[in-house]
Structures are given as structure tokens and as C-alpha cells.
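Q: Following our numbering, the numbering of the sequence shown begins with 2 at its first residue and continues without gaps. Here it is: the structure, laid out below.
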Amino acid sequence: MPQLPLPPDSTLGILGGGQLGRMLSQAASRLGFDVVILDPQPDCPAARVSRAQITAPYDDPDALQALGRLCDVVTFEFENVPAASVETLAEAGALVAPGPTALAVAQDRVDEKTYLNAVGAPTVAFAAVTTLDDLTNAIAALGLPALLKTRREGYDGKGQVWIRDAADAEAAFDAIGRRPAVLEAAAVFQRELSVIAARGRDGAVAVYPLGENVHKNGVLKTTTAPAAVDTATQGRAEAIAAAVLDGLDYIGVMGIELFDMGNSELLVNEVAPRVHNTGHWTQDGCVCDQFEQHIRAVVGWPLGPTQAHARVEMTNLLGDEVEQWRALAAEPNARLHLYGKHDARPGRKMAHINRIL
């Protein structure tokens with residue numbers, strides 16, 4: 002096992018070559034690390050700013066062994082990494098952060114909500130669903146409307162459907178492929194907030210100011226941060242973040258989505274054991290952004306400062322919205338972050354822009 006903290010010139014592996022992997026690689030390069038990407042897509046966005054790419058599926062044992070031999074520490078840009086892949090990397094001698102416990106919890110929405118409530122991070126009421134009878138019973142217990150989500154995978158509104166009438170239960174179950182699911186009670190919240198937090202290898206926790214999020218068609222459109230919240234709400238978010246991170250012995254950055262119920266009451270919607278779309282504002286609002294913070298944590302360096310030096314509105318650019326890059330690049334108080342994706346499909350995240358408010 003490598004000695005920590007890792008010195009510059011060490012090699013960092015990243016599972017996943019999309020925009021999050023790309024921005025992680027750029028942050029690692031600034032700190033003097035070499036980066037190797039493992040992704041099944043040749044010439045992926047992250048690979049074009051990294052030293053090398055291994056082109057293979059995430060569960061390819063030979064590719065994982067090679068990545069483990071090349072790298073001193075391995076992290077990931079998305080949470081649906083097979084648990085067996087993490088074990089293979091560890092066998093090859095690489096440290097992996099965040100660890101397998103955090104992955105296992107985040108990959109299953111029932112396990113996630115059970116864990117969150119156990120550590121004092123409350124969620125909406127929920128019920129596990131395996132059969133149509135389970136769903137019928139859950140509707141009777143939780144009431145309607147309620148949100149049906151697949152237990153595993155699904156993001157940006159995928160793998161989920163609202164049920165507003167009990168007669169629609171079977172159609173909703175069919176819509177998610179009758180897969181194991183969770184039914185969540187509706188939350189009557191004032192707004193959605195999120196908190197980006199990090200935990201280092203020494204157990205130190207650093208929390209950024211809250212962001213306020215606006216979604217469109219199930220996809221994040223804007224995050225404004227620091228959000229206009231009172232000190233009690235910020236303090237409650239920090240306490241939730243610390244409890245979640247410490248309970249998992251977590252290493253790295255985590256995004257935690259929250260429902261603001263008013264009167265400083267927060268419910269956790271979900272957690273993501275990685276850098277997060279709602280934390281992109283930190284690139285232009287903080288000295289140490291979420292990507293550098295994640296690198297610092299996984300290589301054993303001290304965590305960086307999280308205070309905001311500017312208020313920022315982050316806007317996602319989806320599909321052909323990225324074609325506005327000329328006009329956006331000319332805005333005097335804005336910074337454009339392009340992801341290097343070739344195919345601007347409808348709804349695909351192509352870039353974001355941070356506007357200083």
C-alpha cells in the first residue's frame with residue numbers, strides 16, 4: 002500500500018470518463034498528479050485531459066488489475082461502480098476512496114434511507130416495494146401522491162414515476178419495469194437545497210455553504226450559492242453532513258440533496274458519494290473547489306477552505322444550448338465550463354456556466 006499523504010508525481014486512477022472525471026482530472030493535474038482514466042468509451046472527455054486511458058468495461062478484471070498496478074489511489078466519478086470492481090482494485094494494491102461501504106449504501110435507495118435515518122439524517126417516509134401487492138400496501142400506508150423509484154440506478158428523473166391515483170399503481174410499476182423499488186411519501190417542502198461536504202483521511206470534515214436548486218423536467222437547471230438561509234439552517238445541514246460522513250468512515254466529497262421544510266427543518270432527499278452537479282458553483286465561488294477538495298481528501302492532503310468569496314449562479318447547458326458558447330463566453334461576469342462532449346443530444350449535460358452575482 003502506498004504511504005500517505007501521496008506526494009506530487011503520484012498517479013491517481015478515476016473510474017469514469019465523463020464531465021465529472023474530466024474536472025477531477027484537471028484538479029489533480031493542478032496539484033501535480035498524473036491521472037489514468039478507465040472508461041469503456043474511447044477518447045472520452047476525461048481521457049483528453051489525462052495522461053492515459055484504459056478502454057474497457059468497469060468490471061473487466063484485467064483492466065482493473067492494470068489500473069490498480071498503475072495507480073496509487075483510485076476514485077470514481079459515479080456511484081454505480083460494481084462492488085467487485087472495488088475489491089479487484091484493492092487486490093491489485095491500490096487504495097480506493099470513497100470505500101465500498103459508502104458505495105453499497107448509495108447504490109440502493111432503501112439501504113440509503115435506512116442508513117440516513119439511523120444516523121439522525123431524517124428522510125421522507127418510505128417503503129420497500131418488490132411486488133405489486135407491496136406497492137398497493139405502501140400506497141395505503143403512505144398515502145398519495147407518492148414517488149415510485151427503482152431501488153438501484155436511475156438519475157436525472159430516470160427510473161421514477163409519480164403515482165397520484167391508486168388506480169395507476171400497476172401502470173407505474175410497469176413503467177419502471179417492475180424492478181425492486183422504493184415508494185416515497187410526498188414532501189411538502191419550500192425549496193430544494195444541497196450541501197457539498199468532504200471528509201479527509203484524518204477524519205476532518207469541511208462543509209461548503211448551502212446551494213439552492215431549481216430543476217426543470219427532472220434535471221438540475223440552476224444552483225445559486227451561498228443560498229439565502231439562516232444560520233440555524235446552515236448549522237443543521239452541517240450537522241447532517243458530518244453525521245453521514247462519519248458514519249460511513251467516508252473519504253472524499255459527497256453531495257447531499259435536502260428538502261427545506263421551513264423552521265430550519267431539513268429532510269435528506271438523497272446522497273451522492275462523489276463530486277456533485279450542485280457543487281459546480283464552487284469552481285468560481287471558492288478558493289478550493291469541490292474537485293480539488295476531493296483530490297485532497299483521497300490522496301491524504303489537508304482539506305482546503307470552503308468559505309465563499311462570491312455568490313454564484315450555476316446554470317447547466319443541456320443539448321444544443323451549448324451552441325450559445327460564443328455569447329456566453331462574452332459575458333463579463335461569467336465563466337464557461339465546457340465538457341468536451343462531441344454529441345449534443347437533447348437533455349445531455351454539455352457544459353455549465355457560473356455567473357458571479
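Every residue, glycine too, gets a C-beta built ideally from N, C-alpha and C. These figures come from a predicted structure and were not determined experimentally.
Helix or strand or just coil, what does DSSP make of Val276?
A: Coil at Val276, not helix or strand.
Q: Measure the beta-carbon distance from Ala176 to Ala147 and round it to whole angstroms, keeping in mind my assumption that it falls under 8 Å.
A: Contact doesn't hold; Cβ gap of about 14 Å is too wide.
Q: Please state the DSSP three-state secondary structure of Ala107.
A: Helix, per DSSP.
Q: Relative to the C-alpha of Ala205, which residue among Ala67, Ser265, Ala243 is closest?
A: Minimum Cα distance to Ala205 is reached at Ala243.
Q: When you compare each of Asn218, Ala298, Glu113 to Ile257 by their alpha carbons, which one comes out closest?
A: The residue with the shortest Cα to Cα distance from Ile257 is Glu113.
Q: On the DSSP bridge assignment, give the partners of Gln54 in chain order.
A: Partner(s): Ile38.
Q: Scan the segment 69 to 126 and note each continuous beta strand (DSSP E) run of 3 residues or more that stays entirely inside, going in chain order.
A: Those beta strand (DSSP E) runs which fall completely within the segment 69 to 126 and span 3+ residues are 74 to 77.
Q: If we ignore side chains and look at the alpha-carbon of each, how far apart do Ala128 and Pro181 end up?
A: Roughly 11 Å between the two C-alpha positions.
Q: Can you tell me where the beta strand (DSSP E) with Gln161 in it begins and where it stops?
A: Per DSSP, Gln161 belongs to the beta strand (DSSP E) from 161 to 164.
Q: How is the beta strand (DSSP E) around Asn138 delimited, first residue to last?
A: That residue, Asn138, is in no beta strand (DSSP E); its alpha helix (DSSP H) goes 133 to 143.
Q: Do the CB positions of Ala298 and Gly253 come within less than 8 Å of each other?
A: Yes.
Q: State the beta-bridge partners of Lys150 as determined by DSSP.
A: Beta-bridge pairing links Lys150 to Gln161, Val183.
Q: How many Å lie between Thr12 and His353 at the Cα?
A: One C-alpha to the other measures close to 28 Å.
Q: Looking at C-alpha atoms only, which residue of Gly286, Gly236, Trp282, Asp247 is the closest neighbour of Gly100?
A: Selected option, being the one with the closest Cα: Asp247.
Q: Assign Pro9 to one of two classes, buried (16 or more other C-beta atoms within 10 Å of its C-beta) or exposed (fewer than that).
A: Exposed, because fewer than 16 other Cβ atoms sit within 10 Å of the Cβ of Pro9.
Q: To the nearest angstrom, how far is the alpha carbon of Gly212 from that of His277?
A: Cα-Cα distance, rounded: 12 Å.
Q: Sort Thr102, Met262, Gln108 by Cα distance to Arg237 and report the nearest one.
A: Out of Thr102, Met262, Gln108, Met262 has the C-alpha closest to the C-alpha of Arg237.
Q: Going by DSSP, which residues form a beta bridge with Phe260?
A: DSSP lists Glu193, Leu268 as partners of Phe260.
Q: Using CA coordinates, which residue listed in Pro46, Leu39, Asp285 is at the minimum distance from Pro62?
A: Among Pro46, Leu39, Asp285, the Cα nearest to that of Pro62 is on Leu39.
Q: May I ask you to report which of helix, strand or coil DSSP gives Leu246?
A: It is helical.
Q: Taking the straight line between their C-alpha atoms, what separation do you get for Ala93 and Asp290?
A: If you take the alpha carbons of Ala93 and Asp290, they lie about 31 Å apart.
Q: Please report the residue range of the alpha helix (DSSP H) in which Gly22 lies.
A: Run containing Gly22: 20 to 31, per the alpha helix (DSSP H) assignment.
Q: For the 8 Å Cβ check, are there 3 or more pairs between the segment 308 to 326 and the segment 279 to 286?
A: Verdict: yes, contact present.
Q: Give the range of the beta strand (DSSP E) segment to which Val220 is assigned.
A: Element bounds for Val220: 220 to 226.
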